[in-house]
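This report refers to the structure that appears directly beneath it.
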Amino acid sequence: MMVFENSGIENIVIPQGSLQDIMNHNGCVLGGSWDYERMTFDYKYEIPEGIYYLRFPGYAVNGDVGANNATMQLMDPYMGKHYYPTGIEYGSDEVFPERIVEHAISKIRAISKELTEVAAYHQQ
432 MMVFENSGIE NIVIPQGSLQ DIMNHNGCVL GGSWDYERMT FDYKYEIPEG IYYLRFPGYA
492 VNGDVGANNA TMQLMDPYMG KHYYPTGIEY GSDEVFPERI VEHAISKIRA ISKELTEVAA
552 YHQQ
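Counted the way this note's numbering counts, the sequence shown spans residues 432 to 555.
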C-alpha cells in the first residue's frame, strides 16, 4: 500500500454533503465500502499495467452517514492495485507506476485545497 501522509487532508473536518460535492467534482466516486460511520471515495486508474485505486477514507465525528447529516473527519489517502477476482491489494511489494503516483499527488493537492477552503467556511 502506498499511503500519502501529511497531505493536509487528514486534518480536515467537513460536512458530508460538501465532501461528496468536492469529491464528485474531482472525479472521485463513493465506494461501496460505506456504512453509517465511514465513507471511502475512489479515483480509478485504468492503465496497461493494471487497475489502481486512489482512496480517500473518512469517518463520521458526529451525525449519520446513512442519513446524510454527518460531519466527516478525513484520513490519509492511499493507493492499491486491483486484482481479478480477489479485489484490491495493498501489499508492501506492490509497484505503482510513477506517472500515476505523480497524478495522484496532484489530485490530492487539488482536493486538499478545495476541502480546506470549504471546511474553513463551515467553521466560521
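Here a beta-carbon is modelled for each residue, glycine too, at the ideal position from N, C-alpha and C.
Keep in mind it's a predicted model, so treat the numbers as computed, not measured.
Closest Cα partner of residue i within the set the options
{"i": "alanine 565", "options": "Thr471, Leu450, Met433 and Phe435", "result": "Residue 565 is absent from the model: the chain starts at 432 and stops at 555."}
{"i": "methionine 503", "options": "Gly458, Arg469, Val526 and Pro516", "result": "Arg469"}
{"i": "glutamate 441", "options": "Gly489, Pro479 and Ala498", "result": "Gly489"}
{"i": "glycine 481", "options": "Val460, Asn499 and Met510", "result": "Met510"}
{"i": "proline 508", "options": "Asn499, Phe472 and Tyr514", "result": "Phe472"}
{"i": "glycine 458", "options": "Tyr552, Pro446 and His534", "result": "His534"}
{"i": "histidine 553", "options": "Gln447, Val496 and Asp495", "result": "Gln447"}
{"i": "methionine 432", "options": "Val496, Gly462, Val526 and Tyr476", "result": "Val526"}
{"i": "asparagine 567", "options": "Ser438, Asn437 and Tyr474", "result": "The structure shown does not extend to residue 567, since the chain is modelled only from 432 to 555, so the question has no answer here."}
{"i": "isoleucine 519", "options": "Glu436, Gly463, Phe435 and Ser438", "result": "Gly463"}
{"i": "phenylalanine 487", "options": "Glu529, Phe435 and His513", "result": "Phe435"}
Endpoints, the beta strand (DSSP E) within which residue i is located
{"i": "alanine 491", "result": "481 to 493"}
{"i": "glutamine 504", "result": "502 to 505"}
Anticipated Cβ contact below 8 Å, residue i with residue j, distance rounded
{"i": "isoleucine 531", "j": "tyrosine 467", "result": "Not a contact, Cβ separation roughly 32 Å."}
{"i": "alanine 542", "j": "isoleucine 453", "result": "Just to set this straight, residue 542 is isoleucine in the shown sequence, not alanine. So it is a contact: roughly 7 Å between Cβ atoms."}
{"i": "isoleucine 443", "j": "leucine 485", "result": "Their Cβ separation, rounded to whole angstroms, is 16 Å, which puts isoleucine 443 and leucine 485 out of contact at 8 Å."}
{"i": "isoleucine 445", "j": "leucine 546", "result": "6 Å"}
{"i": "alanine 491", "j": "alanine 501", "result": "4 Å"}
Range covered by the alpha helix (DSSP H) that runs through residue i
{"i": "methionine 454", "result": "447 to 456"}
{"i": "tyrosine 514", "result": "First-last for tyrosine 514: 509 to 514, but that is the beta strand (DSSP E), not the alpha helix (DSSP H)."}
{"i": "serine 523", "result": "Careful: serine 523 lies outside any alpha helix (DSSP H) and carries neither H nor E."}
8 Å Cβ cutoff, residue i in contact with chain D
{"i": "methionine 510", "result": "Included in the structure is just one protein chain, with no chain D present."}
One or two residues paired with residue i in a DSSP bridge
{"i": "threonine 471", "result": "Pro488"}
{"i": "isoleucine 478", "result": "Gly481"}
{"i": "methionine 433", "result": "Met510"}
{"i": "isoleucine 519", "result": "His513"}
{"i": "valine 444", "result": "Gln504"}
{"i": "leucine 461", "result": "Phe472"}
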